[in-house]
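In the working numbering, the protein residues as written are 96 to 526. Okay, so here's the structure we're looking at.
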């Protein structure tokens, strides 16, 4: 599916920008065997042009010996370390990758330095190696990979030493948030043709006698329906086989047990943003996956899930559009009223939060004097549950659409309080 993005500001000429998805690939290596698998797998990834691959190796800041020492000697020592690191990385990519890949050496903390270059180079993904568990894990071992996942705004693929081909058995942690859905999309992009991709939702309760069994059955049916809905969104043009599972218990151990049972070679998860809640809900689970998994892990941060609404290349719009937000939302409502969707809010303090899913979109309005918009959801008939989402101090209104059939697929409204995202369900022909 090809996507483009429409954005207007008040009293401006209407334009339809086209989103350019990042295609650069960043590989972080220390030149040791624990990074071999990362180099080898990166060579196989079908994410973009191999000419856009960049290799980074990071040298820790040089400690200064006690006592008087000539500054020039310290600089010579640092230059020597940089040259050694570059030589090791070049020898490694000559064996396992592509000799044309450029190698850059930087000084600093590995995790933050890698994250900074990934953002600076607008990388699609960062590929690193997973080392041994415990204290023996060095530069790009499990702890560094975990720290990178916590600070990166770009998806991180931590490659286990056993994975030397595109993954064929993938477990995706699905909580129906935008990061988890975008993580699943990315997993499908890097999967081997014919791979089995299992969407797993973990209900954070154990089945207890004091909870009525009918509640579990009803909740499981509801979750199963949502998994089927998400599978429909994802299963368009993919060559993978999609499966679903509902588990009960603590998310981290449950996902690890499922991955072990299915002999998965990749576990995939999204994180919930920068805030305290996001770190508690997403960070602890990701930490358990990285420390406990004896397989590769792909983590997509909340920032990456919303990245597609930030990087735009203006292009003239062949269709006439009204510049006002009020008219734009009226037109969007007319085209899409009655379609089901999911609503997610990216709050600067709390990160990405799923607000609702499965309701029908009834309409959207914008009031210019108050600079406030309202999105309405519920049944198309009278009565029944409904939801109204109010948005104040709007900065922009954006529409994501499918260029193949010119049908709207999402609405994004940015405001001083963050971003509100409505993703509309796409019904395939014959459904």
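The C-beta atom is built at its ideal place from N, Cα and C for all residues, glycine as well. Computed from a predicted model, the values in this text were never measured in an experiment.
Please list the segments of the alpha helix (DSSP H) lying wholly inside the segment 193–230, counting only runs of 4 or more residues, in order along the chain. Taking only runs of at least 4 residues, the alpha helix (DSSP H) segments lying wholly in the segment 193–230 are 205–215.
Taking the continuous alpha helix (DSSP H) assigned at residue 272, which residues delimit it? Neither: residue 272 is in no alpha helix (DSSP H) and is coded neither H nor E.
C-beta contact flag for residue 439 and residue 272 at 8 Å: Yes, the Cβ-Cβ distance between residue 439 and residue 272 is below 8 Å.
Label residue 364 either buried or exposed according to how many other C-beta atoms from any shown protein chain fall within 10 Å of its C-beta, with 16 as the threshold for buried. Answer is buried; the Cβ neighbour count reaches 16.
Keeping to the same chain, check which residues put their C-beta closer than 6 Å to that of residue 451; ignore five residues upstream and five downstream. Around residue 451: 438 and 482.
Just mark residue 244 as buried or exposed, buried being the case when its beta carbon has 16 or more other beta carbons within 10 Å. By the 10 Å Cβ count, residue 244 comes out buried.
On the criterion of 16 or more Cβ atoms from any shown chain inside 10 Å, does residue 293 qualify as buried, or is it exposed? Buried: at least 16 other Cβ atoms inside 10 Å.
I'd like to know if the segment 164–184 and the segment 256–263 are in contact, where contact means that at least 3 CB-CB pairs between them fall below 8 Å. Too few Cβ pairs lie closer than 8 Å, so no.
6 Å Cβ shell around residue 420 - same chain, five flanking residues per side excluded: Correct list, in chain order: 461 and 492.
In this structure, how does DSSP classify residue 437 when only helix, strand and coil are distinguished? Of the three classes helix, strand and coil, the one that applies to residue 437 here is strand, per DSSP.
Take every Cβ of the segment 143–161, pair it with every Cβ of the segment 262–269, and state whether three or more of those distances are shorter than 8 Å. Touching, no, given that fewer than three Cβ pairs across the two stretches are closer than 8 Å.
Could you have a look at residue 432 and say whether DSSP puts it in helix, strand or coil? Residue state, collapsed to three classes: coil.
What three-state label does DSSP hand residue 149 in the structure shown? In the structure shown, residue 149 sits in a strand (DSSP, three-state: E or B).
Residue 138 - DSSP class collapsed to helix/strand/coil: When DSSP states are grouped into helix, strand and coil, residue 138 belongs to the coil group.
Own chain residues within Cβ distance below 8 Å of residue 301, not counting five before or after: Around residue 301: 343 and 344.
Cβ neighbour criterion (16 or more within 10 Å) applied to residue 464: The residue in question, residue 464, is exposed, as its Cβ has fewer than 16 Cβ neighbours within 10 Å.
Whole-Å CB distance - residue 290 paired with residue 335, under 8 Å assumed: Indeed, because the Cβ distance is near 5 Å, the residues count as touching under 8 Å.
Cross-strand partners of residue 452 (DSSP beta bridge): BP columns for residue 452 point to 437.
Is residue 202 closer than 8 Å to residue 121 when the C-beta atoms are compared? Pairing residue 121 with residue 202 gives a Cβ-Cβ distance that is not under 8 Å.
Assuming residue 453 contacts residue 324 (C-beta within less than 8 Å), just tell me the rounded distance between them. The distance from the Cβ of residue 453 to that of residue 324 is about 7 Å, consistent with a contact at the 8 Å cut-off.
For residue 216, which option in 119, 472, 441 and 338 has the closest C-alpha, if you only look at C-alpha atoms? Closest by alpha carbon: 119.
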